[in-house]
Amino acid sequence: MKIYIGIDGGGTNLKALIGDSNKRVIGTAKSGPVNYQSVGIEKVKESFGSLLAYCKNELKIKHEDIECICMGCAGINNKMDEMIYKEMMNELGYSNKLLLYNDAFVALVGANGKAEGAVIISGTGSIAYGIKKDGTHVRVGGWGHIIGDEGSGYSIARDALNTIVRSMDGIIPYTMLTEAIMEKLKVKTLEELMTYIYDPRTQKQHIGELAPVVMDMAKSDKAAENIVKNAAYQLCNMVYALKRKMNLESFKLALSGSVLTKSEVVRNILIDQLKQNSPEIHVSLGEKEPVYGALMLAWKEAAI
1 MKIYIGIDGG
11 GTNLKALIGD
21 SNKRVIGTAK
31 SGPVNYQSVG
41 IEKVKESFGS
51 LLAYCKNELK
61 IKHEDIECIC
71 MGCAGINNKM
81 DEMIYKEMMN
91 ELGYSNKLLL
101 YNDAFVALVG
111 ANGKAEGAVI
121 ISGTGSIAYG
131 IKKDGTHVRV
141 GGWGHIIGDE
151 GSGYSIARDA
161 LNTIVRSMDG
171 IIPYTMLTEA
181 IMEKLKVKTL
191 EELMTYIYDP
201 RTQKQHIGEL
211 APVVMDMAKS
221 DKAAENIVKN
231 AAYQLCNMVY
241 ALKRKMNLES
251 FKLALSGSVL
261 TKSEVVRNIL
271 IDQLKQNSPE
281 IHVSLGEKEP
291 VYGALMLAWK
301 EAAI
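Anchor point for the sequence shown: position 7 equals 7 in the UniProt record's numbering, and the numbering is continuous, going up by one each time.
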């Protein structure tokens with residue numbers, strides 16, 4: 001029986017669904033980060049290698065049994081990126097059909113059940129992605145944590161860290177975020193905090209992991225509340241820009257990513273603002289996870 005694999009991956013981890021030719025999901029897997037721009041090619045190869053080893057050792061699936069792998073990865077944005085991912089998979093011994101997309105596209109397919117409408121994603125990073133009536137793909141954001149990723153988990157954590165140091169410097173009032181973040185990181189002084197932040201081993205995903213602390217405190221700390229509200233408004237601005245690019249009277253917008261699915265504060269502000277300012281946008285939580293969208297595309301490629 002032929003096997004099909006859908007992959008959703010970013011700067012934090014990889015999720016995979018393994019399906020068969022009867023459109024049954026027969027396995028799931030997780031591995032490490034797959035955005036080579038964030039963690040490097042060798043680290044990404046380790047993540048994919050771990051997935052293929054799991055399929056072989058645990059599910060008894062050989063490389064030649066895999067008819068198609070569909071990847072939706074945060075590091076895939078152009079033809080050069082596609083070539084890099086193809087080379088990685090070839091070096092790992094996989095040479096069958098490989099579909100390569102940005103992670104936003106597979107999230108859209110999973111959320112809306114087909115390649116139609118739009119999606120706003122806020123996880124470690126952020127992006128708004130849509131498909132116009134003529135089939136053209138358009139995007140807003142997704143430009144990485146150095147120059148973009150507004151409204152993302154990383155930006156929430158970065159703003160919280162900035163708030164902490166300004167508070168400790170006496171520029172702004174005291175915030176309970178200071179103790180909460182320091183406890184999370186197991187540091188006690190500003191110097192220890194700086195050592196952690198600028199340690200070469202501290203990656204983007206490690207900073208992004210602080211976002212839940214900030215979101216949890218949004219109801220009890222004014223500084224945290226302001227940070228989370230600002231993130232929500234940034235996501236709203238991305239949706240408004242996407243709407244202008246899509247040039248549609250109305251469309252379905254799915255919400256995806258850990259920030260939007262786990263934080264009621266961010267989600268509710270976004271939904272309320274869109275209802276007030278763009279009621280023609282029909283907002284909903286996604287039907288399926290992005291990884292299922294990737295598997296759907298693999299099945300579709302095989303006309304299943």
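For glycine and all other residues, C-beta sits at the position ideal for the given N, C-alpha and C.
Limits of the unbroken beta strand (DSSP E) element including residue 139: Where residue 139 is concerned, the enclosing beta strand (DSSP E) stretches over 137–141.
For the putative contact between residue 4 and residue 27, defined by C-beta atoms under 8 Å, what is the C-beta separation to the nearest angstrom? Their Cβ separation, rounded to whole angstroms, is 11 Å, which puts residue 4 and residue 27 out of contact at 8 Å.
Return the Cβ separation of residue 256 and residue 111 in integer angstroms, given the expectation that the two are a contact with Cβ distance under 8 Å. Indeed they touch by this definition, with Cβ atoms about 6 Å apart.
Contact check, residue 71 vs residue 9 under 8 Å by CB: the rounded distance? Right, the Cβ-Cβ distance comes to about 7 Å (below 8 Å), so this counts as a contact.
Using 7 Å as the threshold, is the C-beta distance between residue 145 and residue 204 below it? Going by C-beta atoms, residue 145 is nearer than 7 Å to residue 204.
Excluding the 5 residues preceding and the 5 following residue 94 in the sequence, name in chain order all residues of the same chain whose CB lies nearer than 6 Å to its CB. Short of 6 Å from the beta carbon of residue 94, and not among the five residues preceding or following it, lie these beta carbons of its own chain, in chain order: 63.
Helix, strand or coil: which one does DSSP assign to residue 246? Three-state DSSP puts residue 246 in a helix.
The beta strand (DSSP E) with residue 27 in it runs from where to where? From DSSP, the beta strand (DSSP E) with residue 27 extends over 25–31.
First and last residue of the alpha helix (DSSP H) that includes residue 109? It spans 103–112 - the alpha helix (DSSP H) in which residue 109 sits, taken as one unbroken run.
Work out the CA separation of residue 192 and residue 290 for me, nearest whole Å. Distance from the CA of residue 290 to the CA of residue 192, rounded to the nearest whole angstrom, comes to 38 Å.
How big is the Cα-Cα spacing for residue 228 and residue 270? If I take the Cα positions, the gap works out to 11 Å.
In this structure, what does DSSP give as the bridge partners for residue 9? Answer is 14 and 73, bridged to residue 9.
Three-state secondary structure (DSSP) of residue 129: If DSSP states are grouped into helix, strand and coil, residue 129 belongs with the strands.
Could you check what DSSP says for residue 282 in three-state terms: helix, strand or coil? It is a strand residue.
Under three-state DSSP, which class holds residue 252? Residue 252: strand per DSSP, three-state reduction.
Can you tell me whether residue 67 is buried or exposed, with buried defined as 16 or more other CB within 10 angstroms of its CB? By the 10 Å Cβ count, residue 67 comes out buried.
According to DSSP, which residues form a beta bridge with residue 119? The partner list for residue 119 (beta bridge, DSSP) reads 129 and 254.
From residue 161 to residue 24, what does the alpha carbon distance come to, in whole angstroms? Spanning the two alpha carbons is a distance of roughly 45 Å.
Start and end residues, alpha helix (DSSP H) containing residue 203: Here residue 203 belongs to no alpha helix (DSSP H), and DSSP marks it neither H nor E.
Taking the alpha helix (DSSP H) that residue 94 falls in, what are its first and last residues? From DSSP, residue 94 is part of no alpha helix (DSSP H); its letter is neither H nor E.
Who does residue 20 pair with in a DSSP beta bridge? Note: residue 20 sits in a beta bridge opposite 3.
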